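864 is the number of the first residue of the sequence shown in our numbering; add one for each residue after it.
All residues carry an ideal CB built from backbone N, CA and C; glycine is no exception.
Computed from a predicted structure; not experimentally measured.
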Amino acid sequence: MPTLYLLEGLPYAIVNTVALAVFKDMGVDNGTLGPLTTLISLPWLIKPLWSPFMDIFRSKRWWILLTQTLMAIVVALTAILLPFCSMTLLIILFTIVAFASATHDISADGYYMLALDRQRQSTFVGIRNTFYRGGLVLGQGLVVMLAGWLQKRGGDVPRAWSLVLTGCAVVMAAIAVYHIFCIPKPVEDEDRRDKRTARQIFSEFGESFRTFFLKTGVWWAIAFMLLYRLPEALSLNLLYPFFKDGAEVGGLAAGTEIYGLVYGTFGVVALLLGGILGGIYASRKGLRRSMWPMALALALPCAVYLIMAVTRPESVWVIGGYIVLDQFGYGFGFTAYTLFMMQFVDGPLKTSHYAICTAFMWLSMKLPALFAGYVQQAVGYVGFFTIVMVSCLGTVAAVIIARTKILKNDA
């Protein structure tokens, strides 16, 4: 489980963080970054479309080994071609990694439930989440930090990213080879092509969507899912450019190395700690009663970016402190979002319904990101982060919707 979920977090970070940093370093403007990164991460939105067929075609173990091997090969190919290839080819390669990673997510989560009984599922859930976050730390933190160090040392940006992606490919290939020989073969993890037809799968797939949109309060729930994380959705894709851009355009001029250290490492650790404490807090207070504190913890710390845009601190410790505060608050507040989805889908077909919720979760992040870069270019970083703070009203509206329309009887 540790290696399985490490290899679930790492490629996600490569597609959603490393790719953004690569595109920025190769001269893509802030406005184009949003649509571009949305495009390559599209597989996480549409993965429910093919997930039912993975239940009958081959085993979860087979899909795990296939996607891990494919990811290692394509990341290695990206590393080799990056200094020479066109932007179009680079987008295609990152998109292939995204499709493989989204498919790996489906198979890994299914395998987890098949390979472990209920007691061991509970026992390993902490290990699973920790190593998934470890994959994010490796991709968002150490990889980006090392790329920044190599850029400073050698001055060759494409070669720096090529070298760190080569290292990622080696790690991924090593884990894939280890799994080929060592990953267990659960009895229930079987090829079911002779037990369920494609027609049955299509029927069940359509039923899951029909029953989801017939749930009581579904449109209020969708509004909540789209609005709750609005401040983060607007700002996320602009954080690396904010670190990278010079003082003449309002950026911090902190560079790739500092971003990897404070956001990709310290920030992820703070995020994990906030999530753990958020879960404890919500379990004691109940979701409805803990919704306001958690929402405010998620939204208000976004003010640190406005403060940094105005004051432009140079100290790594000051910048790191701001990032830790923001990410801890986000981790604490995001727990309410996860628990809301789990409570809303409770009942028949909850697995399929939860997958649909994750699609709206993706939309909640990527729709604002489509135009966020253009807004920043028009008003500058101070104006942009002021708009982010105003967007906290979206989080307020989401809480009011949840408490009055969905969670009326929550303890």
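Pairing Val1262 with Met1154, the inter-Cα distance amounts to about 7 Å. Minimum Cα-Cα distance from Asn1100 among the listed residues Ala882, Lys1048, Leu870, Leu869 corresponds to Ala882. Assigned with DSSP and collapsed to three states, Ser1254 falls in coil, not helix or strand. In terms of Cα proximity to Ser1227, the closest of Trp907, Tyr1091, Gly1127 is Tyr1091. With a threshold of 16 other beta carbon atoms within 10 Å, Met1157 meets it and is buried. Secondary structure in the region 994 to 1024: the alpha helix (DSSP H) runs of 4 residues or longer, each lying completely within the stretch, are 1007 to 1017 in chain order.
In terms of CA proximity to Phe1203, Leu1150 leads the group Val1132, Gln1003, Leu1150, Leu1188. A distance below 7 Å between beta-carbons, with the five flanking residues on each side excluded, links Gly1017 to the following residues of its chain, in chain order: Ala1023.
With contacts defined as CB atoms closer than 8 Å, Gly1011 and Thr1128 fail to qualify as a contacting pair. Excluding the 5 residues flanking it on each side, Lys1229 has same chain C-beta neighbours closer than 6 Å at Thr901, in chain order. Counting the other CB atoms within 10 Å of its CB gives Gln1003 a total of 16 or more, which places it among the buried residues. Under the 10 Å beta carbon count, Cys1045 is surrounded by fewer than 16 other beta carbons and is classified as exposed. Rounded to whole angstroms, the gap between the alpha carbons of Gly1246 and Lys1107 is 18 Å.
The residues Thr930, Leu933, Met934, in chain order, have a CB closer than 6 Å to that of Ala963 in the same chain once the five nearest residues on each side in sequence are set aside.
Considering only Thr880, Lys887, Ala876, Leu899, the residue with the shortest C-alpha distance to Phe1234 is Leu899. With a cutoff of 8 Å on beta-carbon distance, Leu977 and Lys923 are scored as near each other.
CA-CA distance, Val1253 to Tyr1185, rounds to 19 Å.
Between the beta-carbon of Val878 and that of Ser904 there is about 6 Å, and that keeps the pair under the 8 Å contact cut.
DSSP places Tyr875 inside the alpha helix (DSSP H), whose first and last residues are 865 to 876. In the DSSP annotation of this structure, the continuous segment of the alpha helix (DSSP H) that includes Glu1120 starts and ends at 1118 to 1124. In this structure the region 1023 to 1034 does not lie against the region 1169 to 1184, because fewer than three pairs of beta carbons, one per stretch, are closer than 8 Å. Counting the other CB atoms within 10 Å of its CB gives Phe886 a total of 16 or more, which places it among the buried residues.
Bounds of the alpha helix (DSSP H) holding Trp1155 are 1150 to 1162. In this structure, Ile1182 lies away from Ile1139, with their beta-carbon atoms at least 8 Å apart. For the options Gly1257, Leu1134, Val1242, Glu1111, the alpha carbon positioned closest to that of Thr1198 is the one of Leu1134.
Of the residues assessed, Gln1014 falls on the buried side of the cut-off, its CB having 16 or more other CB atoms within 10 angstroms. For Pro898, the enclosing alpha helix (DSSP H) stretches over residues 893 to 903. Residue range 1081 to 1090 is occupied by the alpha helix (DSSP H) that includes Trp1083.
Distance between Gln1206 and Asp972, taken at the CA atoms: about 19 Å. With 16 or more other Cβ atoms inside 10 Å of its own Cβ, Gln1239 counts as buried.
Comparing C-alpha distances from Glu1111 to each of Leu1256, Gly897, Tyr1244, Leu873 shows the shortest one belongs to Tyr1244. Shown here, Phe957 sits in a helix according to DSSP, grouped into three states. For Tyr974 and Met1171, the gap between their C-alpha atoms comes out near 44 Å. Ile954 is not a Cβ neighbour of Lys910, given a cutoff of 8 Å. By a beta-carbon distance limit of 8 Å, Thr958 does not contact Gly1236. Their separation comes to about 19 Å.
For the pair Leu1077 and Val1242, the Cα-to-Cα distance works out to about 42 Å.
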